[in-house]
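Enquirer: Just so we're aligned, residue 1 is where the sequence shown starts under the UniProt record's numbering, counting upward by one.
Pasting a structure below so you can have a look.
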Amino acid sequence: MRSGARAPSGTMHLLVATALSEARTDGLSRLSLAAQPCLTTARSALSRLIARRIAQHSGATGLAQFKASFAPQYQPLYAHATSWPALALGLADLSRRITRPNRNQPHNSHEENEFASSGHL
């Protein structure tokens with residue numbers, strides 16, 4: 001979720017806060033803000049170094065700061081692959097799709113954004 005350049009400051013915070021409030025009103029006790037890459041809570045020095053480098057280049061620091069403003073309860077997520085190269089490629093592809101989405105693709109994957117076929121008109 002990215003705001004447009006002309007969106008007023010605080011627009012994204014308002015949208016997420018409103019969604020959280022409506023979810024609570026609807027009786028939901030748990031809601032996910034989705035994954036957050038590269039928290040530097042790793043135990044080994046190498047893991048912390050790698051996490052910091054990735055965060056610097058991916059914008060994860062800003063995302064972490066944004067999500068932290070909603071006082072989340074953090075929970076580790078894991079990735080698995082059949083080999084280290086497959087894991088690295090999979091995570092790199094996932095990161096690329098998140099940080100550099102293809103803006104030329106139409107976004108119509110929501111159930112309320114379906115088009116009626118000509119047979120229903």
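Ideal placement from N, C-alpha and C gives every residue a C-beta, glycine not left out.
Taking contact to mean 3 or more Cβ pairs, one atom from each stretch, closer than 8 angstroms, check whether the stretch 26-37 and the stretch 64-73 are in contact.
Expert: Touching, yes.
Enquirer: Please report whether the beta-carbon of residue 44 lies at a distance below 8 angstroms from any beta-carbon of chain C.
Expert: This model lacks chain C altogether, as it is built from one protein chain only.
Enquirer: Nearest-angstrom Cα distance between residue 145 and residue 27?
Expert: The shown model of the chain, from 1 to 121, leaves out residue 145, and the question about it has no answer.
Enquirer: Closer than 8 angstroms by C-beta to residue 11: which residues in its own chain qualify, once you throw out the five before and the five after it? Chain order, please.
Expert: Closer than 8 angstroms at the Cβ level, and outside the excluded window around residue 11, lie 3.
Enquirer: For residue 119, which residues in the same chain have their Cβ closer than 6 angstroms to its Cβ, ignoring the five residues on either side in sequence?
Expert: Unreliable positioning characterises residue 119 in this predicted model, as indicated by a pLDDT of 46, which lies under 50. The coordinate reading is nonetheless provided below. Closer than 6 angstroms at the Cβ level, and outside the excluded window around residue 119, lies no residue.
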